[in-house]
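Have a look at the structure below, then the notes.
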Amino acid sequence: MGLFDEQETIQKLIKIGNPLDKIKNVIDIEMFMVIMESKLLNKNKKNNSGAKPYDVVMMFKIMI
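Counting the sequence shown from 1 gives a position; our numbering is that position plus 12.
This is the structure:
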């Protein structure tokens, strides 16, 4: 990636209408965080080794 590729991509998405921005304006995904964390995260770990879990809200947004 070049120095300004990310900025140019954002500008292109703004021009055509970023669908994630439209969803964010309609649905407050953060309100699902408590439910998703209680159902999806493994709380019964024997130790703290291994990779840390991804943020459940971020993963939900990726699935959308």
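Where is the CB? At the ideal position from N, CA and C, for every residue including glycine.
**OP:** Below 8 Å on the Cβ atoms is my guess for Ile35 versus Val69; work out the distance and round it to an integer in Å.
**Re:** Working through the sequence shown from its first residue, we reach residue 35 at position 23. Working through the sequence shown from its first residue, we reach residue 69 at position 57. At roughly 13 Å, the Cβ-Cβ gap does not stay under 8 Å, so Ile35 and Val69 are not in contact.
Original post:
Do you know how far the Cα of Lys73 is from the Cα of Asn56?
Top reply: Within the sequence shown, residue 56 is the residue found at index 44, counting from 1. Within the sequence shown, residue 73 is the residue found at index 61, counting from 1. Rounded to the nearest angstrom, the two C-alpha atoms are 25 Å apart.
Original post:
CA-CA distance, Asp67 and Ile76?
Top reply: The count along the sequence shown starts at 1 and reaches residue 67 at position 55. The count along the sequence shown starts at 1 and reaches residue 76 at position 64. Cα to Cα, Asp67 sits roughly 15 Å from Ile76.
Original post:
Which of helix, strand or coil does DSSP assign to Leu53?
Top reply: What you label residue 53 is simply residue 41 of the sequence shown in a count that begins at 1. Three-state result, Leu53: coil.
Original post:
Is Phe16 helix, strand or coil when you go by DSSP?
Top reply: In the sequence shown, residue 16 corresponds to position 4, counting from 1. Reduced to three states, the DSSP call for Phe16 is coil.
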